[in-house]
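Position in the sequence shown (from 1) plus 8 gives the number in the numbering used here.
Note that the Cβ used here is the ideal one computed from N, Cα and C, for glycine as well.
Take a look at the structure below.
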Amino acid sequence: MAKNLVLVESPSKAKTINKYLGKGFTVEATVGHLKNLPKTKLGVDIEDGFKPKLLNMRGKGDLIKKIKSLAAKSDKVFIATDPDREGEAIAQDILDIIDGNNNEDVYRVLF
């Protein structure tokens, strides 16, 4: 059976979506943002095209490890965060976290 990971923002959404998906799916909530700009530094690399230097948010370390581990064990990852600016930022956080897990199939879900 294929292993599929679905990532959403809120635990209540995770619980509801999990009711509709079969046994081949794991649904996990990010509980909001996972990364943020540092408070004490500029937060961007001026010499690298102003690329942001994001840090894991305080208190999210265990969840980040869990998401990374679940993604590594999954055949497909479905990023189903909200279709707004915050949801897109969280989706990018997820992509940054699972980068390197060699998931060939990562999908952005909009609903």
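Residue i - partner residues in DSSP beta bridges
{"i": "Leu-13", "result": "Thr-34, Val-85"}
{"i": "Tyr-115", "result": "Phe-86"}
{"i": "Asn-44", "result": "Leu-63"}
Cβ-based burial, residue i [other Cβ within 10 Å; buried from 16]
{"i": "Phe-58", "result": "exposed"}
{"i": "Glu-17", "result": "buried"}
{"i": "Leu-15", "result": "buried"}
{"i": "Lys-68", "result": "buried"}
{"i": "Ile-54", "result": "exposed"}
{"i": "Thr-38", "result": "buried"}
CB contact below 8 Å: residue i versus chain B
{"i": "Ala-97", "result": "This model lacks chain B altogether; it includes just one protein chain."}
Beta-carbon proximity list for residue i, same chain, < 8 Å, skipping 5 on both sides
{"i": "Ser-82", "result": "Lys-11, Asn-12, Leu-13, Thr-34, Asn-111"}
{"i": "Glu-96", "result": "Thr-89"}
Contact set for residue i: own chain, Cβ-Cβ below 6 Å, skip 5 residues either direction
{"i": "Asn-26", "result": "Val-35"}
Cβ neighbours of residue i in the same chain (closer than 7 Å, five flanking residues each side left out)
{"i": "Pro-60", "result": "Leu-45, Gly-51, Val-52"}
{"i": "Phe-65", "result": "One detail in the question is off: residue 65 reads as Met in this sequence, not Phe. Answer for Met-65: His-41, Leu-42, Lys-43, Asn-44, listed in chain order."}
message: Under 8 Å, with one C-beta from each stretch per pair, do the segment 93-104 and the segment 38-45 reach the 3-pair mark?
response: Touching, yes, given that three or more Cβ pairs across the two stretches are closer than 8 Å.
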